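>
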Amino acid sequence: MPRRPPLRHCPLCGVAMQARKSRGDVPHFDRFECLNCHTTIVETPKPSPASEGDKPR
Numbered sequence: 001m002p003r004r005p006p007l008r009h010c011p012l013c014g015v016a017m018q019a020r021k022s023r024g025d026v027p028h029f030d031r032f033e034c035l036n037c038h039t040t041i042v043e044t045p046k047p048s049p050a051s052e053g054d055k056p057r
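See below:
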C-alpha cells in the first residue's frame, strides 16, 4: 500500500497543501503547493556527512 503524503498547512493562508515528489527517484514528498494562494514550498535534501568532509577549511 502506498504511503500517504504528509499533511502540511500553508504558512500564509492555513489551507492544507498538496504534496508531491519533484522527481521520481526521491523516496519522499518534497514539494508542497497551496491550491488557495499558490504558495510553493520545496524542501532541499540535507547534505550527506561524506560531502561535508570534502569542504575546504
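When the count follows the numbering used here, it moves up by one through the sequence shown with no breaks and lands on 57 for the last residue.
Built from N, CA and C at the ideal position, the CB exists for glycine as well.
Because the structure is a prediction, the values reported are computed rather than measured.
Taking 8 Å as the limit between beta carbons, can you name the residues of its chain near residue 9, skipping five residues before and five after?
Sequence index remark: in the sequence shown, residue 9 carries index 9 (1-based). Cβ within range, chain order: 15, 16, 17.
> Label residue 34 either buried or exposed according to how many other C-beta atoms from any shown protein chain fall within 10 Å of its C-beta, with 16 as the threshold for buried.
Indexing the sequence shown from 1 puts residue 34 at position 34. With 16 or more other Cβ atoms within 10 Å, it is buried.
> Which residue's Cα is closest to the Cα of residue 6: 45, 38, 31, 40?
Your numbering for residue 6 matches position 6 in the sequence shown. Considering only alpha carbons, the answer is 31.
> Could you tell me which of 47, 28, 11 sits nearest to residue 4, measuring between CA atoms?
By one-based count along the sequence shown, residue 4 stands at place 4. Nearest of 47, 28, 11 to residue 4, Cα basis: 28.
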